[in-house]
Amino acid sequence: MKILIIEDEKDLLEAMSGYLTLQGMLCETASTFFKAEDSLSAYNYDIIILDLTLPDGNGLDLISLIKEKNSKAGLLIVSARNSLDDKVKGLDLGADDYITKPFHLAELNSRIRSLARRRFFEGKKELTFNEIVIDTDSLEVAVNGEFLDLTRKEYDILLYFMVNRNRVITRESIAEHIWGDNSTFADNFDFIYSHIKNIRKKIEQKKGRNYLHNIYGIGYKFSE
Amino acid sequence: MMKLLQKTNRAYFILSASAFAVAGLVTYLVLSLFLESQLNEKLSDTKDHLIKTIELSGVVYNDPPYIEVKEEPALSEIKDFYSDTILFDTSEKESVPFRLLTGTTLINGKNYKIIIRNTLIEKSDFLLTIILTTGSVFLLLLLSLYFINKKLSRKIWSPFYSILDELKKFSPENASFALMTSGGIEEFEELRLTLNKLTARVISDYQVLKRFTEDASHEIQTPLSIVQSKLESLIQEPDLTEVQSAQIHSAYSASVRLAKLTRSMLFLARIENRQYPESEKIDLETIISNQIDLFSEAIRDKLLSVGIHSDSACSLNANVFLTESLVQNLLGNAIKHSFRSSSIAIELSQGSFIISNNGAPLQVEPKKLFDRFYKASSSSDSFGLGLSIVMEICKAYNWHISYTVEKNLHTITVKF
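As they're listed, the protein sequences go chains A and B. According to my numbering, the first sequence is numbered sequentially starting from 1. According to my numbering, the second sequence is numbered sequentially starting from 1.
Written out as structure tokens, the structure reads:
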């Protein structure tokens with residue numbers, strides 16, 4: 001999957017492209033409006049990540065160019081402004097999703113994957129990891145061909161791990177992914193733990209292996 | 001506190017009262033001196049007239065008690081002597097004051113003692129008359145002053161009161177505020193201009209302050225996302241020691257916490273700056289059940305029971321995001337501060353939303369909880385912004401919110 005990241009903060013750009021590259025994506029970067037125009041005119045991308053605040057132009061103006069040159073690309077807007085105005089305008093102009101700084105890289109990755117699934121669902125609506133298959137259309141999970149009876153939150157957590165496989169996922173990032181702003185009200189880490197315990201148990205019942213590893217004090221990692 | 005008019009009236013009163021008292025006293029003294037000398041003159045004239053009569057005709061005229069002439073053989077000559085006396089008037093049957101002249105004279109070799117009396121105006125009558133006249137003049141003056149003042153001051157001060165009325169409507173949120181009238185009076189025009197400068201200053205300070213929170217939180221977000229993403233990448237390193245990863249993780253947790261704080265502050269500033277104008281018809285019950293679902297783990301964990309009771313469908317016109325946030329904060333707080341195995345009751349009706357839960361009694365006034373960054377317990381890891389956000393949302397829509405505590409029962413009512 002080919003991705004263009006348009007972001008003026010160099011450090012953030014590096015962190016984003018580093019994370020996504022490790023997830024097997026092909027990342028190109030542009031740190032100015034000018035460079036972005038260049039890349040957009042020259043190449044085709046599957047996903048474009050666009051920061052609205054650029055030093056030499058308003059990111060919103062790039063959207064029309066994207067729609068013109070890369071009409072098939074999924075567009076994810078990143079903004080520090082967190083203003084509904086921008087969000088509405090961006091989505092009106094044809095952006096597919098919106099994420100506010102600061103975000104967890106795992107969350108960014110999850111949004112990109114879900115965007116990709118929605119945009120190019122030709123054959124790609126199934127996510128597979130060994131014996132585990134997730135059908136993101138019907139929201140069903142099968143282990144060794146047998147369906148798992150997961151709650152909505154368990155499904156979301158498992159999907160989050162599958163998308164961010166082989167990476168350490170912090171409990172903070174899971175909590176925000178599942179509960180959003182509601183995560184400030186309770187000690188969610190215990191709830192995450194019990195959800196994960198349930199997922200493990202349910203996968204085990206279908207003779208699946210445990211890919212969810214505890215990373216002590218930090219979170220979890222979904223890997224072989 | 002007294003009114004300006006009252007104060008001037010009081011000053012007028014004290015001043016004129018003392019002036020009139022002095023004037024009365026002086027009148028009294030001058031008049032009595034004048035009368036006395038007049039009377040003395042009259043007595044002396046009468047005496048001269050008597051002497052002349054005796055000299056010419058030898059007739060000794062007596063008219064007691066007014067005139068008494070006695071022939072006394074051995075009499076040492078005395079000078080004319082004036083004095084006051086009181087005699088009993090038999091006809092009027094009362095004591096009457098007299099002025100009397102005592103003198104001696106030698107006529108045709110005979111010694112006469114002459115006493116001439118004349119009734120005196122009673123001092124008390126005299127005093128009373130003066131007090132009455134000055135008093136009534138004083139009262140008349142005072143009354144006319146009072147009415148003139150009252151009428152005049154109402155007229156003179158009318159621009160002042162209209163400035164005051166306008167000023168009472170001042171709110172720093174109304175950026176176009178300016179006082180208009182000064183009634184063409186220089187002092188009030190000066191007051192008006194000064195107040196306009198002052199309010200303009202307050203308005204601009206308020207705007208700057210409002211923008212400041214928003215700008216500051218906004219500016220924090222980008223560097224914060226760099227910190228957060230770098231730490232997140234660092235956590236991925238395979239060869240970290242346990243100490244290293246614990247340190248990285250605590251730095252990461254702090255950055256996440258800071259991110260949540262700036263997000264809340266930014267949110268609060270945005271509500272204040274009315275940046276959520278979109279509104280639509282919302283079914284409150286749907287939002288509440290969504291939120292209950294999001295909190296399901298916490299509810300189950302504390303063995304709480306949440307009951308919704310609704311008389312009629314509660315729909316309102318508002319921003320979805322803000323309404324969700326309101327419910328989220330109120331429900332989240334109720335869950336967080338409930339006793340284990342207790343119950344939370346939600347009552348919905350067209351026009352109000354009531355949520356009550358059982359928790360430890362408050363140590364402070366409920367109103368304080370709506371203050372920014374106020375935390376009921378310092379150990380709490382919340383920022384103390386939740387109820388401030390709720391308050392701002394209510395302000396934005398002119399909803400009325402109240403918080404009451406009765407023993408352990410905490411109730412929050414929002415009236416739409």
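Glycine residues also receive a C-beta, built at the ideal position from the N, C-alpha and C atoms.
Would you call the CB atoms of residue i and residue j closer than 8 Å?
| i | j | result |
| --- | --- | --- |
| residue 465(B) | residue 329(B) | Given that chain B is displayed from residue 1 to residue 416, the structure contains no residue 465(B) and the question cannot be resolved. |
| residue 382(B) | residue 357(B) | no |
| residue 233(B) | residue 36(A) | no |
| residue 173(A) | residue 73(A) | no |
| residue 91(A) | residue 6(A) | no |
| residue 230(B) | residue 11(A) | yes |
| residue 167(A) | residue 221(A) | yes |
| residue 65(A) | residue 52(A) | no |
| residue 121(B) | residue 66(B) | no |
| residue 99(B) | residue 39(B) | yes |
| residue 256(A) | residue 48(A) | Only positions 1 to 224 of chain A appear in this structure, which leaves residue 256(A) out of reach. |
| residue 225(B) | residue 55(A) | no |
| residue 269(B) | residue 323(B) | no |
| residue 306(B) | residue 354(B) | no |
| residue 149(A) | residue 89(A) | no |
| residue 282(B) | residue 316(B) | yes |
| residue 185(A) | residue 318(B) | no |
| residue 310(B) | residue 342(B) | no |
| residue 132(A) | residue 98(A) | no |
| residue 15(B) | residue 150(B) | no |
| residue 103(B) | residue 47(B) | yes |
So who's on the other strand from residue i, going by DSSP bridges?
| i | result |
| --- | --- |
| residue 213(A) | 221(A) |
| residue 403(B) | 412(B) |
| residue 103(B) | 114(B) |
| residue 346(B) | 308(B), 355(B) |
| residue 317(B) | 281(B) |
| residue 2(A) | 26(A) |
| residue 421(B) | Chain B is shown from 1 up to 416; residue 421(B) falls before or after that span and cannot be answered. |
| residue 48(A) | 4(A), 75(A) |
| residue 67(B) | 63(B), 116(B) |
| residue 426(B) | Outside the shown range of chain B (1 to 416) lies residue 426(B), about which nothing can therefore be said. |
Does DSSP classify residue i as helix, strand or coil?
| i | result |
| --- | --- |
| residue 92(B) | coil |
| residue 71(A) | coil |
| residue 73(B) | coil |
| residue 66(A) | helix |
| residue 58(A) | strand |
| residue 59(B) | coil |
| residue 370(B) | helix |
| residue 341(B) | coil |
| residue 20(B) | helix |
| residue 85(B) | strand |
| residue 169(A) | strand |
| residue 53(A) | strand |
| residue 191(A) | helix |
| residue 79(A) | strand |
| residue 267(B) | helix |
| residue 34(B) | helix |
| residue 295(B) | coil |
| residue 18(A) | helix |
| residue 9(A) | coil |
| residue 78(B) | coil |
| residue 276(B) | coil |
| residue 491(B) | Nothing in the structure corresponds to residue 491(B), since chain B is present only between 1 and 416. |
| residue 94(A) | coil |
| residue 239(B) | coil |
Taking residue i as part of the beta strand (DSSP E), name the residues at either end of that continuous run.
| i | result |
| --- | --- |
| residue 27(A) | 26-30 |
| residue 280(B) | 280-283 |
| residue 303(B) | No beta strand (DSSP E) contains residue 303(B), which DSSP labels as neither H nor E. |
| residue 100(A) | 97-100 |
Between which two residues does the alpha helix (DSSP H) holding residue i run?
| i | result |
| --- | --- |
| residue 183(A) | Counting along the chain, residue 183(A) falls outside any alpha helix (DSSP H), and DSSP gives it neither H nor E. |
| residue 386(B) | 386-397 |
| residue 115(A) | 105-119 |
| residue 38(A) | 33-42 |
### Query
Unbroken alpha helix (DSSP H) runs of length 4 or more, entirely within the segment 180-237 of chain B: which are they?
186-235
### Query
Which whole runs of the alpha helix (DSSP H) in the segment 109-184 of chain B are 4 residues long or more, in chain order?
123-168
### Query
Unbroken beta strand (DSSP E) runs of length 3 or more, entirely within the segment 127-167 of chain A: which are they?
132-135, 140-143
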